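Protein chains: 2
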Amino acid sequence: MAVYTDVSDEEIESFIAAYDIGGLMSFKGIAEGVENSNYLVHTESGQFILTLYEKRVAEEDLPYFLELMEHLAERGIRCPQPIHGRDGKVLRKLAGRPAALIEFLEGMWVRRPRMEHCRELGTTLAKFHLAGADYSGHRKNALSVSGWRPIFEAAKADADSVAPGLAREMEEELQAFERGWPSGLPEGVIHADLFPDNVFFLGEKLSGLIDFYFACNDAFAYDVAICLNAWCFEPDLSFNVTKARALMTAYTEVRRFSDEEIAALPMLARGASMRFLVTRLYDWLNTPAGALVRPKDPMEYLRRMRFHRTVTSATQYGLEA
Amino acid sequence: MAVYTDVSDEEIESFIAAYDIGGLMSFKGIAEGVENSNYLVHTESGQFILTLYEKRVAEEDLPYFLELMEHLAERGIRCPQPIHGRDGKVLRKLAGRPAALIEFLEGMWVRRPRMEHCRELGTTLAKFHLAGADYSGHRKNALSVSGWRPIFEAAKADADSVAPGLAREMEEELQAFERGWPSGLPEGVIHADLFPDNVFFLGEKLSGLIDFYFACNDAFAYDVAICLNAWCFEPDLSFNVTKARALMTAYTEVRRFSDEEIAALPMLARGASMRFLVTRLYDWLNTPAGALVRPKDPMEYLRRMRFHRTVTSATQYGLEA
């Protein structure tokens, strides 16, 4: 839950006046999103999400994210659209932060995804990958292998306070990724953070994707691996191959995996575990007492990583041999 | 900001099915309110606030609050209305908590109230007091003089860690209230927590009151005193008599103060300071590190209390002699 930046009524009124959306009728902080401050805004013409970008999001990356949302929507991927001001711009300043007003997208995220949700996700993820093919923007994945080590180094000294032996296990894994991370796989724009709270459903139909603030250019199969981790483990952290099969099958009906992608999948899924393990570990050790956001448990991702280390073939993820 | 209780999508769907308001389209935690968990709910027929009552609100008091909201609205005081389910009920259970679905009220609360807002407040507060006259419910003010001492006793040992000499100053004040608290004043239903964040405006017009969960039967002038404290001090804690005069004058145009009320006002305002000083002090000392709600500074209310101790006549609050 997050509202990091307080906005006064005078500030919001003058901000809204830059748009052709009528007078302001209500604004309330909303308790979703971890990286940015989000407000629900009602005006005479409808409702909107106002996002203030906090320091973890690089201001120079914002056009990549916001234009991507428009690019995808033009190609049939439902996602909230940035609202253009009277001056044509989507980005402006509010309370000293970069800020954008975004369409309100109906739908609910699924707390406990079922097989049907995984199937919908697989279809949409593949369409997303195809729709990004002609996107002109480019953003390096700052949280791929080379990005993990500096975060680990900053957390290493205290890692064993979270779990004995953790520092050593992560060091060995990092070395394995640095040696053998797959390259040359099909790539393009990936979402890179497609957790259940970023995927909206109305009933069992996927109604849209949100939160593109980790999007970047990287291997499509790595995006799939992130989803396998986020959607196909049970609360007890056992892997649910039925859900994985639904996701993978639906994906391949839209976009086929190459042999190289299939071979790389166990390593990608193991690395996708490290990506969240290392950032969660850092946040776990560095979230001040009294912070508004509770850090997420890093150990969940250690257990996922250990599972993927035992995987010898992508058939274990439900892909047909 | 507050969402204390997590609600799953299955739970909210079956909760909403008890109402004749169409299918669920969205629900999001909102970062407002300190005592309860609040969600914004969209359905096919509109939008609503879902409130889950947390442990600080006594379940047996909920009908008093919810029926009061209906009683007041019938008499022209704009406030959000509880939605009745198909079974006629407004209170039910969700995620183990008492819960109610409430109308969404447009409007914004004013971060920096100006004189015009204080005038609107005075008018509405007096109308509220008149509108409650024939309300059949009765609820004792649990946070009047006799309620302050047990909270103080629980905080006393650590009070001087917040400000040297605070325990002694509060003890002396409590004794003064216990000896000389005004009685026999005109009374009825009061809001008892009418801070700026509980009063909505559209432009400069007051559009409604919210958050009736401290409402109770007590002296009307005590409610006025709470508002003087909450609306008429500047950020540097100097008293703004122009704002106070606007509030008091507007109030008296609707409901005249008796001579006894006028005479009692300095003591009531001093006590209204103690009421928030003592609860804020307790929260300050007892909020665990990592809590979702930041405790409010008790010292602001110590300074208000000291100001009122110097007041010798209600003319200093802007009332005509």
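Top line first, the protein sequences correspond to chains A and B. Going by the working numbering, the first residue of the first sequence is number 90, and it counts up by one from there. Going by the working numbering, the first residue of the second sequence is number 90, and it counts up by one from there. Yeah, the Cβ is synthetic: ideal placement off N, Cα and C, and Gly gets one too. Keep in mind it's a predicted model, so treat the numbers as computed, not measured.
For this session: Under 8 Å Cβ to Cβ from V130/A, same chain only, skipping five residues before and after it: list those, please.
Result: What you label residue 130/A is simply residue 41 of the first sequence in a count that begins at 1. Closer than 8 Å at the Cβ level, and outside the excluded window around V130/A, lie I101, I105, L113, S115, F116, Q136, F137, I138, L139 and L190.
Exercise. I119/B versus chain A: which residues are under 9 Å apart at the beta carbon?
Worked result: Along the second sequence, one-based indexing puts residue 119/B at 30. Within chain A, the residues near I119/B are K117, G118, I119, A120 and L129.
For this session: For F290/B, write down the residues that DSSP places opposite it in a beta bridge.
Result: The sequence position of residue 290/B within the second sequence is 201, counting from 1. Looking at the DSSP assignment, F290/B forms a beta bridge with M197/B and L295/B.
Exercise. Does L151/A get closer than 8 Å to chain B when you measure Cβ to Cβ?
Worked result: As a first step, residue 151/A must be located in the first sequence, where it is residue number 62. Closer than 8 Å: no.
Problem set entry | Beta-carbon proximity list for E262/A, same chain, < 7 Å, skipping 5 on both sides | The count along the first sequence starts at 1 and reaches residue 262/A at position 173. These residues qualify, in order along the chain: M363 and M394.
For this session: Ignore the nearest five residues each way along the sequence and tell me which others in D150/B's own chain have a CB closer than 7 Å to its CB.
Result: What you label residue 150/B is simply residue 61 of the second sequence in a count that begins at 1. Contacts found: R228.
For this session: Put V179/B into one of helix, strand or coil per three-state DSSP.
Result: Locating residue 179/B in the second sequence gives position 90, counting from the first residue. Coil, per DSSP.
Exercise. Does the beta carbon of M204/A come closer than 8 Å to any beta carbon on chain B?
Worked result: Locating residue 204/A in the first sequence gives position 115, where the first residue counts as 1. No, its Cβ sits nowhere closer than 8 Å to a Cβ of chain B.
For this session: Identify whether V130/A lies in helix, strand or coil by the three-state DSSP scheme.
Result: Position 41 of the first sequence holds residue 130/A. DSSP places V130/A in strand when its eight states are reduced to three.
Problem set entry | 8 Å CB neighbourhood of D176/A in its chain, flanking five on each side removed | The residue given as residue 176/A occupies position 87 in the first sequence. The residues are A107.
For this session: Would you check if the region 328-335 of chain B and the region 195-208 of chain B touch, i.e. whether three or more CB-CB distances between them fall below 8 Å?
Result: yes
For this session: Could you say which of S327/B, C305/B, N125/B and P271/B lies nearest to A353/B if we only look at CA atoms?
Result: Along the second sequence, read from residue 1 onward, the residue named residue 353/B stands at position 264. Looking at the Cα atoms, P271/B is the closest of the given residues.
Exercise. What are the complete alpha helix (DSSP H) segments, minimum 4 residues, inside the region 188-269 of chain B?
Worked result: 204-220, 234-251 and 255-269
For this session: Determine whether the Cβ of M197/B lies closer than 8 Å to any Cβ atom of chain A.
Result: Here residue 197/B refers to the residue found at position 108 of the second sequence. True, the Cβ-Cβ gap to chain A drops below 8 Å.
For this session: Count the other CB atoms, across all protein chains shown, that sit within 10 Å of the CB of R369/A; report buried if there are 16 or more and exposed otherwise.
Result: As a position in the first sequence, residue 369/A is number 280, starting the count at 1. Buried: at least 16 other Cβ atoms inside 10 Å.
For this session: Using a Cβ-Cβ cut-off of 8 Å, state whether M363/B counts as contacting chain A.
Result: For this step, residue 363/B is matched to residue 274 along the second sequence. Chain A contact via Cβ: absent.
Exercise. Which chain B residues sit within Cβ distance under 7 Å of D286/A?
Worked result: The residue given as residue 286/A occupies position 197 in the first sequence. What D286/A touches in chain B: nothing, since even the nearest Cβ is about 11 Å away.
Exercise. Given that M114/B touches chain A, what residues does it touch there, using C-beta distances under 8 Å?
Worked result: Sequence index remark: in the second sequence, residue 114/B carries index 25 (1-based). Those are E195, G196, M197 and L291, listed as they occur along chain A.
Problem set entry | Under 7 Å from the C-beta of D98/B: neighbouring residues of chain A | Position 9 of the second sequence, counting from 1, holds the residue named residue 98/B. Under the 7 Å cutoff, chain A gives M197, V199 and R200.
Exercise. Around the Cβ of A215/A, are there at least 16 other Cβ atoms within 10 angstroms (buried) or fewer (exposed)?
Worked result: Looking up residue 215/A in the first sequence gives position 126. So A215/A counts as buried.
Exercise. In the structure shown, what three-state DSSP assignment does R186/A receive?
Worked result: In the first sequence, residue 186/A corresponds to position 97, counting from 1. DSSP places R186/A in strand when its eight states are reduced to three.
Exercise. Mind checking if A106/B is an interface residue toward chain A, Cβ cutoff 8 Å exclusive?
Worked result: Numbered from 1 along the second sequence, position 17 holds the residue referred to as residue 106/B. With 8 Å as the cut-off, A106/B does not count as an interface residue toward chain A.
Exercise. Can you tell which of A335/B, R238/B, D98/B and V278/B has its C-alpha closest to the C-alpha of G407/B?
Worked result: Sequence index remark: in the second sequence, residue 407/B carries index 318 (1-based). Out of A335/B, R238/B, D98/B and V278/B, A335/B has the C-alpha closest to the C-alpha of G407/B.
Problem set entry | Assigned secondary structure, C305/B (DSSP; H/G/I helix, E/B strand, else coil) | Numbered from its first residue, the second sequence carries residue 305/B at position 216. In the structure shown, C305/B sits in a strand (DSSP, three-state: E or B).
For this session: Give the single residue among D98/B, E156/B and L194/B whose Cα lies nearest to the Cα of G297/B.
Result: Counting from 1 along the second sequence, the entry for residue 297/B is found at position 208. Minimum Cα distance to G297/B is reached at L194/B.
Problem set entry | Supposed close pair A463/B, Y371/B - CB separation, criterion 8 Å | Within the shown structure, residues of chain B are numbered from 90 to 410, placing residue 463/B beyond reach of any answer.
Exercise. How long is the line joining the alpha carbons of M90/B and M356/B, rounded to whole angstroms?
Worked result: The residue given as residue 90/B occupies position 1 in the second sequence. The residue given as residue 356/B occupies position 267 in the second sequence. Legend: pLDDT at M90/B = 37, less than 50; position of this residue unreliable, value from coordinates given subsequently. Rounded to whole angstroms, M90/B to M356/B spans 32 Å at the Cα level.
Exercise. I351/A by DSSP, collapsed to three states: which one?
Worked result: The sequence position of residue 351/A within the first sequence is 262, counting from 1. If DSSP states are grouped into helix, strand and coil, I351/A belongs with the helices.
Exercise. Under a three-way DSSP split, which group does E143/B fall into?
Worked result: The residue given as residue 143/B occupies position 54 in the second sequence. E143/B: coil per DSSP, three-state reduction.
For this session: Can you give me the start and stop residues for the alpha helix (DSSP H) that S103/A sits inside?
Result: Position 14 of the first sequence, counted from the start, is the residue given in the question as residue 103/A. Run containing S103/A: D98 to I105, per the alpha helix (DSSP H) assignment.
Problem set entry | Three-state secondary structure assigned by DSSP to I315/B | For the purposes of this step, residue 315/B is taken as the residue at position 226 of the second sequence. Three-state DSSP puts I315/B in a helix.
Problem set entry | CB contact flag (G360/B, V234/B, <8 Å) | The sequence position of residue 360/B within the second sequence is 271, counting from 1. The sequence position of residue 234/B within the second sequence is 145, counting from 1. Going by C-beta atoms, G360/B is nearer than 8 Å to V234/B.
For this session: Would you grab the beta carbon distance between F290/A and M197/A for me? Rounded to a whole angstrom, and I think it's under 8 Å.
Result: For the purposes of this step, residue 290/A is taken as residue 201 along the first sequence, with counting starting at 1. For the purposes of this step, residue 197/A is taken as residue 108 along the first sequence, with counting starting at 1. With a Cβ gap of about 6 Å, F290/A and M197/A count as contacting.
Problem set entry | Cα-Cα separation between R257/A and C305/A, rounded to whole angstroms | Within the first sequence, the letter at position 168 stands for residue 257/A. Within the first sequence, the letter at position 216 stands for residue 305/A. Cα to Cα, the separation comes out at about 30 Å.
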